[in-house]
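Engineer:
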Amino acid sequence: MKRLFHFLLVLGLASIPSCTGQASQKSPLKEITVAELKLRAIDEVNAADWSSGFESVTYPNKASPLTITDDQRFQMSFAIRDSDRVDQQPHQVFVRIASATKELILVPFVDSLKFFKLDFDLKSKAGQLDNASGRYEVSLIVGDAKVKPILWTIANVHLKFNGEPIRIPDYYEQKPEIVHMFREPEKRPHVFVSNVFSLAVVLLFVVMLLLWTRVGISFGNVTASSLLFQASLAVILYIEYLFYLGNDMFTTLRYLTWAAPFALFFGRRMLAHLAKIEEQ
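Residues -21 to -1, 1 to 259 in mature numbering (1 follows the signal peptide of the UniProt record, and there is no 0) are what the sequence shown spells out, letter by letter.
1) Could you have a look at residue 228 and say whether DSSP puts it in helix, strand or coil?
2) Kindly confirm or deny that the stretch 157 to 173 and the stretch 96 to 112 touch, where touching means at least three C-beta pairs closer than 8 angstroms.
3) Where residue 34 and residue 79 are concerned, what is the direct C-alpha to C-alpha distance, given to the nearest angstrom?
4) Do residue 45 and residue 281 have their beta-carbon atoms positioned less than 7 angstroms apart in this structure?
5) Could you have a look at residue 2 and say whether DSSP puts it in helix, strand or coil?
6) Residue 26: which of 230, 99, 114, 90 sits nearest, CA to CA?
7) Within the chosen definition, does the stretch 85 to 97 reach the stretch 129 to 149 through at least 3 CB pairs nearer than 8 angstroms?
8) Within a Cβ cutoff of 8 angstroms, which residues of the same chain sit near residue 85, ignoring the five residues on either side of it in sequence?
9) If you check the beta carbons only, do residue 127 and residue 8 fall under 7 angstroms apart?
10) Take the Cβ of residue 59 as the centre, count every other Cβ of all protein chains shown within 10 Å, and call the residue buried at 16 or more, exposed below.
11) For the alpha helix (DSSP H) containing residue 188, list its first residue and its last residue.
12) When burial is assigned at 16 or more other CB atoms within 10 Å of the CB, is residue 140 buried or exposed?
13) Quick one: using the 10 Å Cβ neighbour count with 16 as the cut-off for buried, is residue 206 buried or exposed?
14) Helix, strand or coil for residue 29, going by three-state DSSP, please let me know.
15) So, do the stretch 204 to 220 and the stretch 240 to 250 have three or more beta carbon pairs nearer to each other than 8 angstroms?
16) What residue from 43, 30, 49, 192 has the CA that sits closest to residue 112's CA?
17) State the Cα-Cα distance for the pair residue 225 and residue 213, rounded to the nearest angstrom.
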């Protein structure tokens, strides 16, 4: 329907006479008519012979219903003449084959005798009609800037396609549910194995403390500033760990704003204490 409206609009605009800067006399649009129109459905073997098998249709009457299969050709021949029976060749001549949902626009050619002819191979246009068999209207559209336009429904035809109709996707229908397939988690070791490794880590830590006592390390010399500095460093590392897990940058900076001054303060006191010990 949109294409039909477009062509009607073009024909309407084409019928408006051109205007110049000075006032000019408007010449009346010339009356034209369609003469000697004939049409047929013919097989490929006899398609080259245009002398017989046609049904003649007088403008503005309608031809009898016609059935066309996709192994046939639809042929049509007609002339466009004015009131003096002089052949005319308007700028816009189209043949429209359309149903309620499908549409096909064809352009006839002009032979040496100034007859318009249409040779339509149904099989070659099956894809444009989505293999949709059914009732179609054949219309003739004629327009020019100097003639009155014509829109003539010539015949009702029934098109038959052997192929399956092409389903047009409905962009508004419900789409299938999207199911995300996540990778299955890897198998974890047995609980006994995990407990053994955890116990081994704890034992190594205990062994480390025992070895420190054997070599003479004294924890009594550790100052509170050193412990608090190490604790502030642990807090900063934990904040970075949270950033790795998913905290955004602004949240991480806000936490660091609170933790960094403590690390700076206690770190300065620890360094000052170490410098004092070296001086002694």
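Backbone N, C-alpha and C define an ideal beta-carbon position, used for all residues, glycine too.
Structural biologist: Straight from the coordinates:
1) Along the sequence shown, one-based indexing puts residue 228 at 249. In this structure, DSSP gives residue 228 a helical state, which the three-state scheme calls helix.
2) No, they do not touch.
3) As a first step, residue 34 must be located in the sequence shown, where it is residue number 55. As a first step, residue 79 must be located in the sequence shown, where it is residue number 100. Distance between the alpha carbons of residue 34 and residue 79 is about 25 angstroms.
4) With the chain represented from -21 up to 259, any question about residue 281 goes unanswered, as that position is not in the structure.
5) Here residue 2 refers to the residue found at position 23 when the sequence shown is read from its first residue. With a pLDDT of 39 at residue 2, under the threshold of 50, the modelled position of this residue cannot be trusted, and the question is left open.
6) Along the sequence shown, read from residue 1 onward, the residue named residue 26 stands at position 47. Of 230, 99, 114, 90, the residue nearest in Cα terms is 99.
7) Short answer: they don't touch.
8) By 1-based counting over the sequence shown, the position of residue 85 is 106. Taken in chain order, the residues that qualify are 73, 74, 75, 76, 97, 99.
9) Along the sequence shown, one-based indexing puts residue 127 at 148. Along the sequence shown, one-based indexing puts residue 8 at 29. Judged by their CB atoms, residue 127 and residue 8 are nearer to each other than the 7 angstroms cut-off.
10) Taking the sequence shown and counting its residues from 1, one reaches residue 59 at position 80. So residue 59 counts as buried.
11) In the sequence shown, counting from the first residue as 1, residue 188 sits at position 209. For residue 188, the enclosing alpha helix (DSSP H) starts and ends at 170 to 194.
12) Taking the sequence shown and counting its residues from 1, the one referred to as residue 140 is at position 161. Under this definition residue 140 is a buried residue.
13) Against the sequence shown, residue 206 aligns to sequence position 227. Sixteen is the threshold: since fewer than 16 other Cβ atoms of the shown chains lie within 10 Å of the Cβ of residue 206, the residue is exposed.
14) Against the sequence shown, residue 29 aligns to sequence position 50. DSSP places residue 29 in coil when its eight states are reduced to three.
15) Three or more beta-carbon pairs drawn from the stretch 204 to 220 and the stretch 240 to 250 are found closer than 8 angstroms, and the two stretches are therefore classed as touching.
16) What you label residue 112 is simply residue 133 of the sequence shown in a count that begins at 1. Looking at the Cα atoms, 49 is the closest of the given residues.
17) The count along the sequence shown starts at 1 and reaches residue 225 at position 246. The count along the sequence shown starts at 1 and reaches residue 213 at position 234. If you take the alpha carbons of residue 225 and residue 213, they lie about 19 angstroms apart.
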